[in-house]
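Participant:
In my numbering, the protein residues as written are 122 to 765.
1) Check each candidate in 398, 626, 342 and 644 and name the one with the smallest Cα separation from residue 326.
2) Are the segment 518 to 527 and the segment 647 to 657 touching, with three or more C-beta to C-beta distances below 8 Å?
3) Using CA coordinates, which residue listed in 223, 674, 139 and 444 is at the minimum distance from residue 201?
4) Could you tell me the distance, in whole angstroms, from the CA atom of residue 533 to the CA atom of residue 193?
5) Give, in chain order, every unbroken run of the alpha helix (DSSP H) that is at least 4 residues long and sits entirely within the segment 411 to 449.
6) For residue 129 and residue 681, what's the separation of their Cα atoms in angstroms?
7) Starting from the Cα of residue 156, find the closest Cα among 186, 229, 675 and 263 and give me that residue.
8) Give me, in chain order, the residues of the same chain whose beta-carbon lies closer than 7 Å to that of residue 141; leave out the 5 immediate sequence neighbours on both sides.
9) In terms of DSSP beta bridges, what is residue 744 paired with?
10) For residue 298, which residues of its own chain have a beta-carbon under 7 Å away from its beta-carbon, when the five flanking residues on both sides are left out?
11) Could you tell me the alpha carbon to alpha carbon distance between residue 592 and residue 598, rounded to whole angstroms?
12) Got a sec, what are the start and stop residues for the alpha helix (DSSP H) residue 717 sits in?
13) Please return the same chain residues whose Cβ sits closer than 7 Å to the Cβ of residue 226, not counting the five positions on each side in sequence.
14) Using the C-alpha atoms, what's the distance from residue 653 back to residue 164?
15) Return the CA-CA distance between residue 284 and residue 291, expressed in angstroms with no decimal places.
16) Where does residue 369 sit, in a helix, a strand or coil, going by DSSP?
17) From the DSSP secondary-structure annotation, give me the bridge partner or partners of residue 376.
18) Where does the unbroken alpha helix (DSSP H) through residue 225 begin, and where does it stop?
19) Tell me, to the nearest whole angstrom, how far the beta carbon of residue 610 is from that of residue 577; I am working on the premise that it is less than 8 Å.
20) Beta-carbon separation of residue 469 and residue 375 under 9 Å?
21) Using the Cβ count rule (16 or more neighbours within 10 Å means buried), how would you classify residue 266?
22) Might you give, ordered along the chain, the residues of its own chain that have their beta carbon closer than 7 Å to the beta carbon of residue 714, omitting 5 neighbours on each side?
23) Tell me, which residues are paired with residue 407 by DSSP?
24) With 16 other CB atoms within 10 Å as the buried threshold, where does residue 322 fall?
25) Output the boundary residues of the alpha helix (DSSP H) element that contains residue 285.
26) Touching or not, the segment 500 to 518 and the segment 422 to 432, by the rule of three or more beta carbon pairs under 8 Å?
Here's what the structure looks like:
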C-alpha cells in the first residue's frame with residue numbers, strides 16, 4: 122500500500138528524463154551520460170535525414186522536378202495504406218479522381234539550390250548520412266566506456282569549450298559550407314557538374330587562388346551572374362563567387378548564391394576569431410570569471426553586478442539549458458520570418474505549400490523552445506540556485522523586484538487586450554449594422570516608417586533609404602543597394618509586405634498573446650522558489666499537485682503548473698500568428714490583397730472570409746448529402762478538435 126503499482130508506473134514515466142533524480146546518479150555520471158547521449162541524438166537526426174533522401178530518390182520525382190521546377194508537384198514518398206485498395210478507391214472516388222496516395226515534399230528547393238540534380242546523388246547523400254550515423258553511434262558507445270569517459274573538470278572548462286564550439290563547431294562548419302557553396306552549388310547553378318569525380322580538377326574561379334594570395338580579393342566579386350541568368354544553365358552566367366549584390370535572382374526569386382557564400386565566409390571568419398579570444402593553456406586571452414566579476418557598474422546601481430554568476434552558470438545544467446533554449450528559440454523564430462521574406466532557395470517563393478509549412482513549423486518549434494527555456498530556468502531556481510553565492514548580484518536582484526516585473530507585464534497585457542479587443546468589437550458592430558465607414562482604422566505609421574527607412578517607396582515617406590539623396594543611399598549605391606531597392610519595391614516577393622489597419626490590429630492581438638505568455642512564463646520562473654501565498658514552495662520541488670486547502674488552496678501553484686498554462690497561451694498565440702501569415706499571403710498569392718485589407722478589420726471578417734471560406738470544402742467532405750475525396754481529412758479535422 123505504501124508504493125502502489127500505479128504510482129510507480131506514472132512516476133517512472135514522469136521522471137524518465139529527470140536524469141539527476143535517478144538512483145545512484147552522481148554529478149560526474151550525469152554529465153557523462155548526457156554527453157554520450159548527444160551522439161545518439163545526432164545519429165537519430167542523420168538517420169532521419171537519410172530517410173528523407175532515400176525515399177525521395179526511390180519514390181519521388183526529383184529529376185522530373187529539376188527539369189521543370191515551377192510546373193511539377195514535388196513528391197516526398199508514396200503512401201502504403203490498405204484504405205487505398207481497389208474497393209475503397211471505387212467507393213470514395215468520383216469518376217476517375219482518386220484520393221491522394223502520395224505526399225508533398227518540401228525539401229526539393231533546398232537540395233536543388235545546394236547542387237543536387239539526380240536521384241543517384243540523393244542515394245549517395247543518404248548512404249553518406251547513414252555511415253555518419255553509425256560512426257556517431259559507435260562514438261556514443263565509446264564515451265560510455267570507463268576509459269573514454271571525460272572527467273567532471275573537462276565538462277566545466279568553459280574557456281576550452283568556447284574555443285572549440287566557436288571556432289570548431291560554428292566557425293569551421295561555416296567555412297566548410299562556404300566551400301561547398303563555392304565549389305559545388307555555384308557551379309551547379311551555372312550548369313557545371315561538380316562531383317566526387319572532378320571536384321579536385323574543376324577550379325570554382327578562372328583566376329584560381331592567385332587573387333587570394335596576392336590580396337586582390339575584389340577579383341572574386343567581379344562579373345557576377347547577369348539579371349537574365351537562367352538558373353542551372355550557363356546562359357547569362359558570370360564567374361563571381363563572393364559578391365554583395367543584394368536582392369534576389371530575378372528568375373528564381375531567391376537570394377544570390379554568391380551573396381550567401383560571402384555571408385557564410387564572413388560568419389566563419391568572425392567565429393574562428395571569436396573562438397581564439399579565451400584564455401586556455403597559454404596564459405593569454407580573456408578569462409570568463411574575471412570578465413564577469415568585473416561587470417559591476419561603478420554607481421552601485423546593480424549591487425554586486427555579475428559576481429557569482431560564473432560559478433552559478435558553470436555548476437547548473439538547468440541554467441545552461443535555459444540560456445541555450447532561449448537563444449535557439451529566438452533564432453528559430455527569426456528563421457521562420459526570414460525563410461519567406463529573404464527566400465534562400467530557388468523557386469521556394471513560388472511553392473506556397475512549402476512556404477506556409479516552413480513558416481508554421483519554425484514558429485511552433487520556437488514556441489516549444491521558449492517555454493522550455495523558462496521551465497528550465499524555474500528548475501534552476503528550485504534545485505540549483507544558491508542565495509549565498511548570488512548575494513545582491515543581478516540574479517538576486519531580479520528575484521527581489523519580481524513584483525514590479527510581474528505587475529508591469531500584467532498591466533501591459535491588460536492594456537493590449539482591452540484596447541485591441543475593443544477596436545475589433547467596435548468595428549464588428551458597426552459593420553454588422555451596415556455602417557462600415559464608422560470603423561476605427563489605424564494606419565500603422567511607425568511600422569510604415571521602419572519599412573520606408575529600409576527603402577520601401579510606396580508610402581512616400583522619403584526617409585533614409587527611401588530617399589535617393591540620403592547619405593545612407595549614396596554610400597550603398599555602388600554596392601548592394603540597387604539589388605536591394607529593386608527587391609523591396611517589387612511586388613513579386615515577400616520583402617516588407619504593404620501593411621494597413623488590419624495588420625495594425627492583428628499585430629496588437631499577437632502582442633497581447635506574446636505578453637500574456639511572457640507574463641505566465643516569467644511569473645512561473647520567478648515564483649518557483651516561493652510566493653506570498655506559499656513562501657516555502659522550493660521545498661516542494663518543481664512540480665507538485667497540491668498542499669491541501671490549508672493555506673487558502675495550493676493547487677495549480679507549482680512552477681510546473683505555470684508552464685502547463687503557458688503552453689496553451691503559446692500554442693494559441695502561434696495559432697493567431699500563422700492565421701495572420703496565411704491569410705495575408707493567400708490574398709497576395711491569389712492576386713486579391715484587398716480581401717485581407719477589407720475583411721481583417723473586424724472579427725466576422727476573420728471568421729467568415731478566412732476560417733469558414735477556406736475550410737468549408739474540408740468540413741463538407743462528409744455531410745448528410747454525401748462525401749468528396751477530402752472526406753478522410755474532414756474526419757481528421759473533427760478528430761483534431763476532439764483532441765484539443
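Note that beta-carbon positions come from the ideal geometry of N, C-alpha and C, so glycine has one too.
Facilitator: Straight from the coordinates:
1) Answer by Cα proximity: 342.
2) Taking 8 Å as the limit for Cβ pairs, the verdict is that the segment 647 to 657 does touch the segment 518 to 527.
3) Of the residues 223, 674, 139 and 444, the one whose Cα lies closest to the Cα of residue 201 is 223.
4) In a straight line, the C-alpha of residue 533 is about 49 Å away from that of residue 193.
5) Restricted to the segment 411 to 449, the alpha helix (DSSP H) segments that are unbroken, complete and at least 4 residues in length are 430 to 435, listed in chain order.
6) A straight-line Cα-Cα distance of about 20 Å links residue 129 and residue 681.
7) Distances from the alpha-carbon of residue 156 to those of 186, 229, 675 and 263 put 263 closest.
8) If we look at residue 141 and ignore the five residues flanking it on each side, its Cβ neighbours are 151.
9) As a beta-bridge residue in DSSP terms, residue 744 pairs with 747.
10) Cβ contact annotation for residue 298 (same chain, cutoff 7 Å, sequence separation greater than five): 385, in chain order.
11) The alpha-carbon atoms of residue 592 and residue 598 are separated by roughly 10 Å.
12) Unbroken alpha helix (DSSP H) run through residue 717: 714 to 720.
13) If we look at residue 226 and ignore the five residues flanking it on each side, its Cβ neighbours are 177, 181, 195, 196 and 197.
14) Annotation: residue 164 to residue 653 spans about 47 Å, alpha carbon to alpha carbon.
15) One alpha carbon belongs to residue 284, the other to residue 291, and they sit about 10 Å apart.
16) Three-state DSSP puts residue 369 in a strand.
17) According to DSSP, residue 376 bridges with 369.
18) For residue 225, there is no enclosing alpha helix (DSSP H); the enclosing beta strand (DSSP E) has its first and last residue at 223 to 225.
19) With a contact defined as Cβ atoms closer than 8 Å, residue 610 and residue 577 qualify at about 7 Å.
20) Cβ atoms of residue 469 and residue 375: closer than 9 Å.
21) Residue 266 comes out exposed.
22) Annotation for residue 714: 708 place their beta carbon closer than 7 Å to its own, counting only its chain and skipping 5 residues before and after.
23) As a beta-bridge residue in DSSP terms, residue 407 pairs with 399.
24) Exposed is the call here.
25) No alpha helix (DSSP H) contains residue 285, which DSSP labels as neither H nor E.
26) These segments touch.
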